[in-house]
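Residue numbers (the UniProt record's numbering): 1 to 232.
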(Lines of atoms letter the chains of each structure in order from A and count residues from 1; the text may use other names and numbers.)
(Lines give C-alpha, C1' and ligand atoms only; values in the text may rest on other atoms or scores of the structure.)
Protein backbone atom coordinates (compact mmCIF):
# COMPACT_ATOMS: atom_id res chain seq x y z
CA UNK A 1 0.00 0.00 0.00
CA UNK A 2 1.33 3.43 -0.90
CA UNK A 3 1.77 5.88 1.95
CA UNK A 4 0.29 9.39 1.75
CA UNK A 5 2.71 12.27 1.38
CA UNK A 6 3.60 13.35 4.95
CA UNK A 7 3.85 16.97 3.81
CA UNK A 8 0.30 16.72 2.46
CA UNK A 9 -0.98 15.33 5.75
CA UNK A 10 0.82 18.02 7.73
CA UNK A 11 -0.66 20.72 5.51
CA UNK A 12 -4.12 19.18 5.83
CA UNK A 13 -3.85 19.06 9.62
CA UNK A 14 -2.82 22.73 9.76
CA UNK A 15 -5.62 23.80 7.42
CA UNK A 16 -8.27 21.98 9.41
CA UNK A 17 -6.92 23.25 12.73
CA UNK A 18 -6.96 26.82 11.40
CA UNK A 19 -10.73 26.77 10.82
CA UNK A 20 -12.57 28.51 13.63
CA UNK A 21 -15.98 26.86 13.42
CA UNK A 22 -17.35 23.37 12.87
CA UNK A 23 -19.09 24.14 9.57
CA UNK A 24 -15.84 25.47 8.11
CA UNK A 25 -14.00 22.30 9.17
CA UNK A 26 -16.66 20.13 7.55
CA UNK A 27 -16.65 22.14 4.32
CA UNK A 28 -12.88 21.89 4.01
CA UNK A 29 -13.05 18.16 4.75
CA UNK A 30 -15.50 17.59 1.90
CA UNK A 31 -13.45 19.73 -0.48
CA UNK A 32 -10.24 17.93 0.44
CA UNK A 33 -11.79 14.49 0.07
CA UNK A 34 -12.72 15.24 -3.54
CA UNK A 35 -9.16 16.20 -4.43
CA UNK A 36 -7.19 13.70 -2.34
CA UNK A 37 -9.25 10.48 -2.37
CA UNK A 38 -8.76 8.83 -5.73
CA UNK A 39 -12.05 8.02 -7.42
CA UNK A 40 -14.13 10.39 -5.28
CA UNK A 41 -16.80 12.18 -7.34
CA UNK A 42 -19.16 13.35 -4.60
CA UNK A 43 -18.85 13.74 -0.86
CA UNK A 44 -20.82 14.77 2.17
CA UNK A 45 -20.92 14.70 5.95
CA UNK A 46 -23.47 12.92 8.12
CA UNK A 47 -23.70 14.40 11.61
CA UNK A 48 -25.42 12.91 14.65
CA UNK A 49 -27.15 15.20 17.14
CA UNK A 50 -29.02 13.69 20.07
CA UNK A 51 -29.71 10.56 18.05
CA UNK A 52 -30.95 12.38 14.94
CA UNK A 53 -28.97 12.62 11.71
CA UNK A 54 -28.50 15.31 9.07
CA UNK A 55 -26.25 16.30 6.17
CA UNK A 56 -24.87 19.76 7.01
CA UNK A 57 -22.32 19.77 4.17
CA UNK A 58 -22.53 18.13 0.73
CA UNK A 59 -20.71 18.59 -2.54
CA UNK A 60 -23.99 18.60 -4.49
CA UNK A 61 -27.71 17.93 -4.22
CA UNK A 62 -27.44 14.27 -5.20
CA UNK A 63 -25.44 13.61 -2.03
CA UNK A 64 -28.32 15.03 0.01
CA UNK A 65 -30.77 12.80 -1.85
CA UNK A 66 -28.64 9.71 -1.25
CA UNK A 67 -28.27 10.53 2.42
CA UNK A 68 -32.00 11.18 2.85
CA UNK A 69 -32.72 7.72 1.47
CA UNK A 70 -30.43 6.28 4.14
CA UNK A 71 -32.10 8.30 6.88
CA UNK A 72 -35.61 7.41 5.72
CA UNK A 73 -34.91 3.68 5.37
CA UNK A 74 -32.88 3.60 8.56
CA UNK A 75 -30.01 1.79 6.90
CA UNK A 76 -27.00 2.41 4.71
CA UNK A 77 -23.22 2.81 4.82
CA UNK A 78 -23.22 6.22 6.51
CA UNK A 79 -25.50 5.02 9.32
CA UNK A 80 -23.44 1.88 9.82
CA UNK A 81 -20.28 3.99 10.07
CA UNK A 82 -21.87 6.50 12.44
CA UNK A 83 -23.78 4.18 14.76
CA UNK A 84 -22.39 0.64 14.51
CA UNK A 85 -18.76 1.26 15.47
CA UNK A 86 -17.54 0.57 11.95
CA UNK A 87 -14.50 2.82 11.29
CA UNK A 88 -14.77 2.29 7.53
CA UNK A 89 -17.59 1.00 5.35
CA UNK A 90 -16.59 0.10 1.80
CA UNK A 91 -19.14 -0.63 -0.89
CA UNK A 92 -17.74 -1.85 -4.19
CA UNK A 93 -21.09 -2.18 -5.94
CA UNK A 94 -24.40 -1.06 -4.45
CA UNK A 95 -26.31 -3.03 -7.08
CA UNK A 96 -25.01 -6.34 -5.71
CA UNK A 97 -24.25 -5.51 -2.06
CA UNK A 98 -26.95 -7.09 0.13
CA UNK A 99 -26.12 -5.44 3.45
CA UNK A 100 -28.67 -2.65 2.96
CA UNK A 101 -31.24 -4.04 0.54
CA UNK A 102 -33.92 -1.39 1.12
CA UNK A 103 -31.48 1.49 0.67
CA UNK A 104 -29.77 -0.09 -2.36
CA UNK A 105 -33.12 -0.65 -4.04
CA UNK A 106 -34.26 2.91 -3.33
CA UNK A 107 -31.19 4.51 -4.94
CA UNK A 108 -30.63 2.07 -7.80
CA UNK A 109 -31.88 4.63 -10.34
CA UNK A 110 -29.52 7.38 -9.13
CA UNK A 111 -26.42 5.96 -10.79
CA UNK A 112 -24.14 5.67 -7.75
CA UNK A 113 -22.43 2.30 -7.41
CA UNK A 114 -19.45 2.79 -5.08
CA UNK A 115 -19.35 4.28 -1.58
CA UNK A 116 -16.95 4.84 1.26
CA UNK A 117 -18.15 5.91 4.70
CA UNK A 118 -15.61 6.84 7.37
CA UNK A 119 -16.61 7.19 10.99
CA UNK A 120 -15.86 10.61 12.47
CA UNK A 121 -14.91 10.19 16.11
CA UNK A 122 -12.73 11.51 18.88
CA UNK A 123 -11.07 9.64 21.71
CA UNK A 124 -10.86 11.05 25.22
CA UNK A 125 -8.23 10.30 27.83
CA UNK A 126 -10.09 7.17 28.85
CA UNK A 127 -9.99 5.85 25.29
CA UNK A 128 -13.77 5.98 24.94
CA UNK A 129 -14.70 6.96 21.38
CA UNK A 130 -17.50 9.44 20.85
CA UNK A 131 -19.02 9.34 17.39
CA UNK A 132 -19.73 12.62 15.62
CA UNK A 133 -20.96 11.20 12.33
CA UNK A 134 -19.47 10.02 9.05
CA UNK A 135 -17.61 11.28 6.00
CA UNK A 136 -19.28 9.78 2.92
CA UNK A 137 -17.68 9.42 -0.51
CA UNK A 138 -19.57 8.46 -3.68
CA UNK A 139 -18.68 7.37 -7.21
CA UNK A 140 -20.72 6.25 -10.20
CA UNK A 141 -18.53 3.33 -11.30
CA UNK A 142 -18.39 0.05 -9.37
CA UNK A 143 -15.11 -0.81 -7.63
CA UNK A 144 -14.08 2.84 -7.83
CA UNK A 145 -12.03 2.93 -4.64
CA UNK A 146 -8.66 1.32 -3.96
CA UNK A 147 -7.05 0.39 -0.66
CA UNK A 148 -5.02 3.60 -0.92
CA UNK A 149 -8.25 5.60 -1.15
CA UNK A 150 -9.51 3.89 1.99
CA UNK A 151 -6.25 4.64 3.80
CA UNK A 152 -6.21 8.32 2.86
CA UNK A 153 -9.89 8.69 3.72
CA UNK A 154 -9.31 7.15 7.14
CA UNK A 155 -6.54 9.64 7.89
CA UNK A 156 -8.62 12.55 6.61
CA UNK A 157 -11.58 11.52 8.77
CA UNK A 158 -9.36 11.28 11.84
CA UNK A 159 -7.92 14.77 11.30
CA UNK A 160 -11.38 16.17 10.56
CA UNK A 161 -12.94 14.73 13.71
CA UNK A 162 -10.26 16.18 15.95
CA UNK A 163 -10.46 19.58 14.22
CA UNK A 164 -14.27 19.65 14.41
CA UNK A 165 -14.22 18.85 18.10
CA UNK A 166 -11.62 21.55 18.76
CA UNK A 167 -13.65 24.10 16.79
CA UNK A 168 -16.78 23.22 18.76
CA UNK A 169 -14.92 23.62 22.05
CA UNK A 170 -13.59 27.01 20.93
CA UNK A 171 -17.10 28.12 19.98
CA UNK A 172 -18.45 27.01 23.36
CA UNK A 173 -15.64 28.88 25.10
CA UNK A 174 -16.43 32.06 23.15
CA UNK A 175 -20.10 31.78 24.11
CA UNK A 176 -19.18 31.21 27.75
CA UNK A 177 -16.89 34.25 27.80
CA UNK A 178 -19.51 36.41 26.10
CA UNK A 179 -22.13 35.24 28.59
CA UNK A 180 -19.84 36.00 31.51
CA UNK A 181 -19.19 39.49 30.19
CA UNK A 182 -22.83 40.41 29.66
CA UNK A 183 -23.85 38.94 33.02
CA UNK A 184 -21.09 40.96 34.66
CA UNK A 185 -22.36 44.11 32.97
CA UNK A 186 -25.92 43.39 34.11
CA UNK A 187 -24.76 42.83 37.69
CA UNK A 188 -22.97 46.17 37.55
CA UNK A 189 -26.17 47.92 36.47
CA UNK A 190 -28.15 46.41 39.34
CA UNK A 191 -25.41 47.05 41.91
CA UNK A 192 -25.24 50.73 41.01
CA UNK A 193 -28.98 51.24 40.70
CA UNK A 194 -30.07 49.43 43.86
CA UNK A 195 -26.85 49.55 45.91
CA UNK A 196 -26.57 45.77 45.93
CA UNK A 197 -23.64 43.48 46.56
CA UNK A 198 -22.43 41.32 43.64
CA UNK A 199 -24.14 38.30 45.20
CA UNK A 200 -27.44 40.14 45.62
CA UNK A 201 -27.33 41.41 42.05
CA UNK A 202 -26.68 37.90 40.76
CA UNK A 203 -29.55 36.52 42.84
CA UNK A 204 -31.85 39.14 41.33
CA UNK A 205 -30.83 38.07 37.82
CA UNK A 206 -31.46 34.43 38.75
CA UNK A 207 -34.91 35.30 40.09
CA UNK A 208 -35.79 37.17 36.89
CA UNK A 209 -34.56 34.23 34.83
CA UNK A 210 -36.76 31.80 36.74
CA UNK A 211 -39.77 34.12 36.72
CA UNK A 212 -39.65 34.74 32.96
CA UNK A 213 -38.40 31.26 32.02
CA UNK A 214 -35.53 32.83 30.09
CA UNK A 215 -31.88 31.92 30.11
CA UNK A 216 -29.71 33.95 32.45
CA UNK A 217 -27.76 35.38 29.53
CA UNK A 218 -31.00 36.50 27.83
CA UNK A 219 -32.10 38.28 31.01
CA UNK A 220 -28.73 40.00 31.27
CA UNK A 221 -28.79 41.05 27.61
CA UNK A 222 -32.30 42.48 28.04
CA UNK A 223 -31.20 44.49 31.06
CA UNK A 224 -28.05 45.88 29.44
CA UNK A 225 -29.96 46.73 26.25
CA UNK A 226 -33.16 48.23 27.68
CA UNK A 227 -32.10 49.20 31.18
CA UNK A 228 -34.91 47.08 32.64
CA UNK A 229 -35.28 43.52 33.83
CA UNK A 230 -37.72 41.48 31.71
CA UNK A 231 -41.10 40.97 33.34
CA UNK A 232 -42.53 38.21 31.16
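Beta carbons: idealized from backbone N, C-alpha and C, even for Gly.
Check, Outcome
"Does residue 198 come out as helix, strand or coil in the three-state DSSP assignment?", "helix"
"State the start and end residues of the unbroken beta strand (DSSP E) segment that holds residue 53.", "52-58"
"So what does residue 72 bridge to, in DSSP terms?", "None, per the DSSP bridge assignment."
"With residue 91 and residue 71 assumed to form a contact (beta carbons below 8 Å), what rounded beta-carbon distance in angstroms separates them?", "Actually they do not touch by this definition, with Cβ atoms about 17 Å apart."
"Pick out whichever of 169, 115, 89 has its Cα sitting closest to the Cα of residue 140.", "115"
"Should the region 51-69 be regarded as contacting the region 29-39, the criterion being three or more beta carbon pairs within less than 8 Å?", "yes"
"Return the CA-CA distance between residue 112 and residue 226, expressed in angstroms with no decimal places.", "56 Å"
"To the nearest angstrom, how far is the alpha carbon of residue 236 from that of residue 73?", "Outside the displayed span of the chain (1 to 232) sits residue 236, for which this structure offers no information."
"Would the beta-carbon of residue 144 fall within 9 Å of that of residue 183?", "no"
"DSSP puts residue 239 in a beta bridge; with which residues?", "The structure shown does not extend to residue 239, since the chain is modelled only from 1 through 232, so no value can be given for it."
"So, do the region 155-175 and the region 61-69 have three or more beta carbon pairs nearer to each other than 8 Å?", "no"
"Enumerate in chain order the residues of its own chain whose CB-to-CB distance from residue 232 is below 8 Å, with the five nearest sequence positions on each side excluded.", "212"
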